Amino acid sequence: MPELPEVETYARDLAEVLPGRRLHGARLAWPRQAPLNTPDELGARLRGQAVLTVSRRGKYLVLVLSHDWLIIHLKMSGRLYLAGPGIEADPHAHVVFRLDGGGELRFRDPRKFGRVYLVDDPRTVLGELGVEPLAPTFTAARLSAIVAGRRRRLKPLLLDQTLVAGLGNIYVDESLWLARLHPLRLAGSLDPFEVRRLHRSIRRVLRAAVRARGSSLSAGGYRDLTGNPGEMQGTLAVYGRAGDACPRCGSAVRRLIVGGRSTHVCPTCQPGG
Ligand SMILES: [Zn+2]
147 MPELPEVETY ARDLAEVLPG RRLHGARLAW PRQAPLNTPD ELGARLRGQA
197 VLTVSRRGKY LVLVLSHDWL IIHLKMSGRL YLAGPGIEAD PHAHVVFRLD
247 GGGELRFRDP RKFGRVYLVD DPRTVLGELG VEPLAPTFTA ARLSAIVAGR
297 RRRLKPLLLD QTLVAGLGNI YVDESLWLAR LHPLRLAGSL DPFEVRRLHR
347 SIRRVLRAAV RARGSSLSAG GYRDLTGNPG EMQGTLAVYG RAGDACPRCG
397 SAVRRLIVGG RSTHVCPTCQ PGG
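Heads up, the sequence shown is in the numbering used here, so the first residue is 147 and it goes up one at a time.
This is the structure in structure tokens:
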């Protein structure tokens, strides 16, 4: 699933090409993908609106338009790409935004889990999201307040988008490995040094992944706007590497299930749990 670095890559690439362009409508073949809008409303309301900015909040892509916010969540396997005029239709692009000049922004999502929202107040969709982990507001003190007194395990706590927004399975595992913390540790049991280490690790992992334009782990996995894979998968320490040697100590990486999610740890570097 695309996480913060992958969505950030889309946001940066789209911010190069979309601002200033006008939307001519939309085609919505699978109405459930726009839970707050009907297909007719979506198309009619978008028509004539210009794209002002493109950015990211958590795992959401946020397009500020002349009058509304267009918010997109790629969920499990959604991909976005631009198609020039005359490019043949894509049966898996159930949401298509028509642009001035005849081009299209296509949301390709064979599994149809992805969502689009056209709203006049972004808080309708984004209101519950927690702190942005790469923002200056995400300090060690802020993370300390988030974990303080919590009897939840670190992994599910860090996946909770209402606490920290944008982390998913890959980057939580990588951050916990870098911080030498077991995913089953109770969040409230971290001492101040461990909190600081976790804070630094989350930011370091996310920054590296943004620089590498995200992780593409499988053939059907994430691709950027132009169809290219990211480069972070080659440098992941534990995620998806069960049985491989831990890059820090050489122990075999183990895969466990935490809260229903596949989780990767080094049993030596991340004791306890
Ligand atoms: Zn290790």
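Note that beta-carbon positions come from the ideal geometry of N, C-alpha and C, so glycine has one too. Predicted model, so just to flag it, every value in this text is computed and none were measured.
Helix, strand or coil at residue i [DSSP, three-state]
i      : result
Tyr317 : helix
Thr283 : coil
Ser223 : coil
Leu228 : strand
Arg178 : helix
Ala333 : helix
Leu305 : helix
Leu324 : helix
Span of the beta strand (DSSP E) around residue i
i      : result
Thr409 : Arg407 to Val411
Ala311 : Segment: none, Ala311 is in no beta strand (DSSP E) and carries neither H nor E.
Gly171 : Leu169 to Leu174
Glu250 : Glu250 to Arg254
Element boundaries [alpha helix (DSSP H), containing residue i]
i      : result
Ala286 : Ala286 to Val293
Glu162 : Leu150 to Val163
His345 : Pro338 to Arg357
Arg235 : First, the amino acid is wrong: residue 235 is Ala here, not Arg. Looking at the DSSP string, Ala235 is not in any alpha helix (DSSP H), and its letter there is neither H nor E.
Thr270 : Arg269 to Leu272
Leu188 : Pro185 to Leu192
Lys258 : Here Lys258 belongs to no alpha helix (DSSP H), and DSSP marks it neither H nor E.
Cross-strand partners of residue i (DSSP beta bridge)
i      : result
Ile217 : Val208 and Tyr263
Arg203 : Tyr206
Ala398 : Ala391
Arg299 : Leu332
Ala196 : Arg168
Leu245 : Leu169
Query raised in the report: Would you say the region 147–161 touches the region 347–364, given that touching needs at least three Cβ pairs under 8 Å?
Result: yes
Query raised in the report: Taking a cut-off of 6 Å, which residues have a beta-carbon closer than that to any heavy atom of ligand 1, in chain order?
Result: Cys392, Arg394, Cys395, Ser397, Cys412, Thr414 and Cys415
Query raised in the report: Okay, do the region 218–227 and the region 259–272 touch, 3+ Cβ pairs below 8 Å being the bar?
Result: yes
Query raised in the report: Can we say the region 338–345 touches the region 399–407, given the rule of at least three CB pairs closer than 8 Å?
Result: no
Query raised in the report: Is the region 184–200 touching the region 324–337, taking contact as three or more C-beta pairs under 8 Å?
Result: no
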